[in-house]
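Scroll down for the structure; my scribbles are underneath it.
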Amino acid sequence: PGERLRVRLSPFGRSMVLMLRRDARFLAKGFSIEARDPASVGGSPQKLCFYSGFVHGQRNSAVTLNMCNGLLGFIRFGEEQLFIEPLAGAAAPASLGLPHLVSRRSGLHVKSSHDPQEVHYLPQQLCKLIKACEKAERGARQEEGPRGRRNAIRPPAREYAVETLVVAARDVVEEHGTEGSTKLLLTGRNIVYNIFQHSSLAIPIHVRLARLVLLHEHPVKYTEPNSSNRNLSVFGRCENRDQAGRYLSWYRLVGQGDDNHYLTSVKIIVSRTDFCVHTDEPCDTVGIAFLGGMCSDLRKCVIAEENGLGLAFTIAHELGHNMGMGHDDDDGGGGGGNSACGLGPSIMAGEWVRGSNSSELSWSPCSRLELQQFLRS
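Numbered continuously in full-length UniProt numbering, the sequence shown closes out at residue 377.
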């Protein structure tokens, strides 16, 4: 397959042409995968699987897809948000093509039983293209060989780079398996990268993934957390090796003699645990982060609940908080919000946290201003 592709799909009876280009910009130089499992030694990035682009003829549309082992990703055009994923365990005649589940999502964070869904069969020509992607990916892995330690690269003027460490908790790996978790998290991080490239932010922020760690077991002295409000302060001490709190202690990479892999801009913990900010009861909270904490060694942390590809939008929203952005539609009563910016859907709208509808993937003028102030501070 080439660097650029044209893919035709017809979800919900609507024909569309996706204009795609291969896109692995979200992976930092020297990116690595570590599977914390005695049977696994880690892995290499799936560079040739990832594509980004737009829907032909649709202004302000966006597409992010992983094209290995079927299509996994997100398509936005007009007022529609579509998620597509291979339909696991589905048996279908080869003549029909590869079965996929397409969901029309009303809320970007939370899946709902009311979201319309349909089974979509990819045409044979596209199935051949997917197989070509997989073949090219296998060849690239064989040629890649060992990777050396990456060197810091100064971004161009007025551009900023944020490198992240993502740790997937055991419950995520148990739910999706090592390969499935890797595919989901990498596809999601490609979506996050493109959200921060949106022109409405004005300042290019390159949010790259430096390291992905998959846990197959809880670390020694594991303690199940409950109220995140009570534990976020100790979780935030993510660079303080002597005061690791309960959250971070889950994910200590035991046995690593060199702690330099911790020296990333932000650490992101992904778990299926239903955590809450002010109570031990289940709630709608899907992510937490310190407001403006990215420049503090003790506060550059995000916790996100894994809920499929909606995780990408949770991470983007929480990283916005970590970069100093409050909610656009809050009244400012201690939440860092700005009611004057609540004029429409946006990345930092409070409704995102509650799982309500947002058809727009742009940043508000207030978010842009708060980011500029944060970068100057």
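Glycine included, each C-beta is placed from N, C-alpha and C at the ideal position.
Remember, predicted model here, so these are calculated numbers, not experimental data.
Span of the beta strand (DSSP E), counted from its first residue to its last, around residue i
i    : result
E163 : 160 to 168
G13  : Taken as a continuous stretch (DSSP letters only), G13 belongs to no beta strand (DSSP E), as it is neither H nor E.
V55  : 50 to 55
Residue range of the alpha helix (DSSP H) that includes residue i
i    : result
P345 : Taken as a continuous stretch (DSSP letters only), P345 belongs to no alpha helix (DSSP H), as it is neither H nor E.
G310 : 310 to 322
According to DSSP, residues forming a beta bridge with residue i
i    : result
S73  : Here residue 73 is Gly; the residue named in the question, Ser, does not match the sequence. Beta-bridge pairing links G73 to L65, I84.
C301 : K267
Q372 : Partner(s): none; Q372 has no beta bridge.
P99  : Y121
S32  : R211
M19  : R6, F54
L27  : L209
R272 : In DSSP, R272 forms no bridge with anything.
R104 : L82
A307 : Residue identity check: residue 307 is Asn in the sequence provided, not Ala. N307 is bridged to L309.
Residue i - DSSP class collapsed to helix/strand/coil
i    : result
R8   : strand
H198 : coil
I191 : helix
V254 : Any answer about V254 is weak, because its pLDDT of 31 lies below 50 and its placement is not dependable; what the coordinates show is given next. If DSSP states are grouped into helix, strand and coil, V254 belongs with coil.
G287 : strand
L361 : coil
E174 : helix
With 16 other Cβ atoms within 10 Å as the buried cut-off, status of residue i
i           : result
residue 423 : In the structure as shown, the chain starts at 1 and stops at 377, and residue 423 therefore has no counterpart that could be examined.
Q373        : exposed
V167        : buried
G30         : exposed
G287        : buried
G177        : exposed
H100        : buried
F12         : exposed
P86         : buried
E318        : buried
I347        : buried
P156        : At P156, the pLDDT of 42 sits below 50, so the modelled position is not reliable and the matter cannot be decided from this model.
residue 379 : Nothing about residue 379 can be read from this structure; the chain reaches only from 1 to 377.
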